[in-house]
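Novice: First, the structure itself, so that you have it in front of you.
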Amino acid sequence: MRPGDLLFFHEGGNVYHVGIFAGKGKMWAAPEPGDVVRMQDIWTESFTVGRAW
Numbered sequence: 100m101r102p103g104d105l106l107f108f109h110e111g112g113n114v115y116h117v118g119i120f121a122g123k124g125k126m127w128a129a130p131e132p133g134d135v136v137r138m139q140d141i142w143t144e145s146f147t148v149g150r151a152w
């Protein structure tokens, strides 16, 4: 993974959260709807990486 990659968190084939990879096990994301975006730990390995380039 590279910083800027999108992380699609999924369970049972459904995506329930998206974050932006920041590097070193961290991502930028809003913890819940309506909250502010902040850097946080990636808490699970159940995600797929998306890259535009």
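136 is the number that this note's numbering gives to position 37 of the sequence shown; each next residue is one higher, with no gaps.
All C-beta atoms, glycine included, are put in the ideal place defined by N, C-alpha and C.
All values derive from a computational prediction rather than experimental measurement.
Would Met126 be called buried (16 or more neighbouring beta carbons within 10 Å of its own) or exposed?
Specialist: Answer is buried; the Cβ neighbour count reaches 16.
Novice: Restricting to Cα atoms, I'd like to know which of Pro130, Asn113, Val114, Gln139 is closest to Gly124.
Specialist: Among Pro130, Asn113, Val114, Gln139, the Cα nearest to that of Gly124 is on Gln139.
Novice: Please state the DSSP three-state secondary structure of Gly103.
Specialist: Correct three-state label for Gly103: coil.
Novice: Could you spell out where the beta strand (DSSP E) holding Ala128 opens and where it closes?
Specialist: Here the beta strand (DSSP E) through Ala128 covers 125-128.
Novice: Could you tell me the alpha carbon to alpha carbon distance between Asp134 and Ala128, rounded to whole angstroms?
Specialist: For Asp134 and Ala128, the distance between alpha carbons rounds to 9 Å.
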